[in-house]
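Encoded as structure tokens, the structure appears first; notes follow it.
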Amino acid sequence: MKWRLREGQALRMLSTDDESVIYNDHSGDTHLVSAAAASLLQRLQQSDADTASLLTACAAEWELEADEELDATIRELLTELDSLGLIEAYLS
Amino acid sequence: MNISALPPAELRRRLRSDGLYFRTGAFTTCLRTRLEPVASSFSLLYNDYPLGDGPYADFHVELAPPRNWRRWIRPQIAFLSDGNAPFKPLPRDQAFPMFEWGLNWCVSSQAHHYLMIHAAVIEKNGAAAILPAPPGSGKSTLCAVLIQHGWRLLSDELTLIRRSDSRLIPLPRPVSLKNASIEVMKRYAPNAVFSPSVHDTIKGTVAQMKAPATSVARADEPAHPGLIVFPRYEAGAPLALTPVPRTRAFMRVADNAFNYAQLGSAGFDALAGVVRHSDCYDFRYSVIDEAIQAFDRLSMQAGRS
């Protein structure tokens, strides 16, 4: 299973070091999300990815161990972004 | 030609007949009324504004008695926009504040080619400061004080953001003051011009302070964003200036917008263009002179961080 940005999301964004505001082209809502969530979105904007490869990439970017804790955090963030309608999962 | 060039009798003749056309920044309004108190306050506060050419106007407004039996019992006045009454009539002595509120309504309900924020906006040293705040925060009083100290008034109520380039479009009109702030400003700016106070309105006692002529003369000059300051008056409190992350400022300003949701992604882009170029602060004050000094410092530093 892979993740991708939902079609039509242009990912308009205003960011600080800690968080971002993002315009949701589907709902018309504006979301305040963590820098980690914004980073995941930007990765998915570049290319679709599965959870494992996102874990590896984020661990490298954030200089953290790719352990269970980080895995759980990333899964939680992906679920949150999915529920906002910004991303979606599909069977690859 | 400005309204001041009209002899008083001609001003009243126009108000009573086809209407008086005048420009406030980007908007032309046609005002009709037979009410002398409105003519008098209008003449007092609007004499620096340029006359407009009829018959085109963005807003055709009229202040007139409502057409019902109540006019014979308790004199009332209705605000009409293009012949329609968007509000319930008010007591006749509230006609001039009703004109001001009504004109704000005309802009905020129709000017969707701008992103409109419920906020004061002033400018100094090339940097505009947007002051979004709920009623009671001292926004209008602070705005009134600052425009007596070299800040240019763009608006005390409506921040208009041009969607194409996120510049701020002036709409300099009289500053609405209420209750204690009226006397505060009369003491603070004894040379300023005020409309007569009107009591027992929905906002309490209200009066308008005339916009500085220099601000009216520059009503066609957009301003660059530089500051977003959320003011809060707190009696006896020491001055405090607390940085606000741009992301948080964005959400708070969007909450104060009239039409952010309606504009969709264009609203996001316009607001992002303002916030990216603005230093953002929470600002608590109690001493006016300290507030003036703090704002002057901010205007010098704006946009450098």
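Quick mapping for you: the protein sequence lines, in order, are chains H and W.
In terms of our numbering, the first sequence opens at residue 11 and continues consecutively.
In terms of our numbering, the second sequence opens at residue 25 and continues consecutively.
Ideal placement from N, C-alpha and C gives every residue a C-beta, glycine not left out.
Within 7 Å, strictly: CB atoms of residue i and residue j
i, j, result
"W/Ile312", "W/Ile154", "no"
"W/Gly250", "W/Ala151", "yes"
"W/Gln100", "W/Pro113", "yes"
"W/Leu69", "W/Ala119", "no"
"W/Val199", "W/Asp117", "no"
"W/Ser65", "W/Ser161", "no"
"H/Val31", "H/Leu21", "no"
"W/Val299", "W/Ala273", "yes"
"W/Leu201", "W/Pro255", "no"
"W/Glu147", "W/Ala247", "yes"
"W/Asn280", "W/His142", "yes"
"H/Leu101", "W/Ala296", "no"
"W/Leu182", "W/Leu192", "no"
"W/Ser310", "W/Glu258", "yes"
"W/Ile171", "W/Pro236", "yes"
"W/Asn71", "W/Ser28", "yes"
"H/Leu50", "H/Leu80", "no"
"W/Gly43", "W/Leu35", "no"
"W/Arg270", "H/Thr26", "yes"
"W/Leu178", "W/Val145", "yes"
"H/Ala103", "H/Asp28", "Nothing about residue 103 of chain H can be read from this structure; chain H reaches only from 11 to 102."
Rounded distance between the beta-carbons of residue j and residue i, thought under 8 Å
i, j, result
"W/Lys234", "W/Ala216", "6 Å"
"W/Met140", "W/Leu184", "6 Å"
"H/Asp64", "H/Leu15", "The sequence as given places Leu at residue 64 of chain H; Asp does not occur at that position. Not really, about 13 Å apart at Cβ, beyond 8 Å."
"W/Asp180", "W/Ser205", "Wrong, their Cβ atoms sit about 11 Å apart, outside the cutoff."
"W/Ser132", "W/Phe282", "5 Å"
"W/Ala278", "H/Thr40", "6 Å"
"W/Tyr73", "W/Phe46", "5 Å"
"W/Arg197", "W/Arg242", "Not a contact, Cβ separation roughly 14 Å."
"W/Ala63", "W/Leu39", "5 Å"
"W/Arg211", "W/Ala290", "That belief does not hold up - the Cβ atoms of W/Arg211 and W/Ala290 are roughly 44 Å apart, past 8 Å."
"H/Gln19", "H/His36", "7 Å"
"H/Thr61", "H/Arg85", "6 Å"
"H/Ala59", "H/Lys12", "6 Å"
"W/Glu124", "W/Gln232", "6 Å"
DSSP-derived helix/strand/coil call for residue i
i, result
"W/Ser105", "strand"
"W/Thr365", "Summary: the structure shown does not reach residue 365 of chain W, with chain W confined to residues 25 through 329, and so no result is reported for it."
"W/Asp224", "strand"
"W/Arg256", "strand"
"H/Glu73", "coil"
"W/Met140", "strand"
"H/Ala62", "helix"
"W/Phe111", "coil"
"W/Arg176", "strand"
"W/Pro156", "strand"
"W/Phe282", "coil"
"W/Pro196", "coil"
"W/Val208", "helix"
"W/Ala261", "coil"
"W/Thr271", "helix"
"W/Leu4", "The structure shown does not extend to residue 4 of chain W, since chain W spans only 25 to 329, so no value can be given for it."
"H/Gln52", "helix"
"W/Asn128", "helix"
"W/Ala326", "coil"
"H/Ile43", "As written in the sequence, residue 43 of chain H is Val, which differs from the Ile given in the question. Of the three classes helix, strand and coil, the one that applies to H/Val43 here is strand, per DSSP."
"W/Pro121", "helix"
"W/Leu182", "strand"
"W/Pro249", "strand"
"H/Tyr100", "strand"
Residue i beta carbon near the ligand PLP (any heavy atom closer than 6 Å)
i, result
"W/Gln286", "Annotation note on the ligand PLP: not contained in the displayed structure, which lists no ligands."
Q | Contacting positions in the segment 261-283 of chain W - beta carbon closer than 9 Å to chain H | A | Pro269, Arg270, Thr271, Arg272, Phe274, Met275, Ala278
(Q) Which residues of the segment 295-313 of chain W have a Cβ closer than 9 Å to any Cβ of chain H? Give them in chain order. (A) Leu295, Ala296, Val299, Arg300
**Q.** Segment contact, 8 Å Cβ cut-off, at least three pairs: the segment 255-267 of chain W with the segment 286-306 of chain W
**A.** yes
Q. Residues in the segment 36-67 of chain H with C-beta within 8 Å of chain W's C-beta atoms, listed in sequence order?
A. Gly38, Thr40, Leu42
Q) Contact between the segment 87-97 of chain H and the segment 39-50 of chain W: three or more CB pairs below 8 Å? A) no
Q) Listed in chain order, which residues of the segment 110-122 of chain W have Cβ atoms closer than 8 Å to some Cβ of chain H? A) none
Q. Using a beta-carbon distance cut-off of less than 9 Å, what residues from the segment 137-165 of chain W approach chain H?
A. none
Q: For the segment 179-200 of chain W, enumerate the residues whose C-beta is nearer than 8 Å to any C-beta of chain H, in chain order.
A: none
Q | Residues, ordered as in the chain, of the segment 245-259 of chain W that lie near chain H by beta-carbon distance below 9 Å | A | none
Q) Between the segment 72-87 of chain W and chain H, which residues of the former have CB atoms less than 7 Å from a CB of the latter, in chain order? A) none
Q: Give, in chain order, every residue of the segment 70-102 of chain H whose Cβ lies closer than 8 Å to some Cβ of chain W.
A: none
Q. Along the segment 11-31 of chain H, what residues have a CB closer than 9 Å to any CB found in chain W?
A. Ala20, Arg22, Met23, Leu24, Ser25, Thr26, Asp27, Asp28, Glu29, Ser30, Val31
Q | Contact residues within the segment 61-72 of chain W, judged by C-beta distance below 9 Å to chain H | A | none
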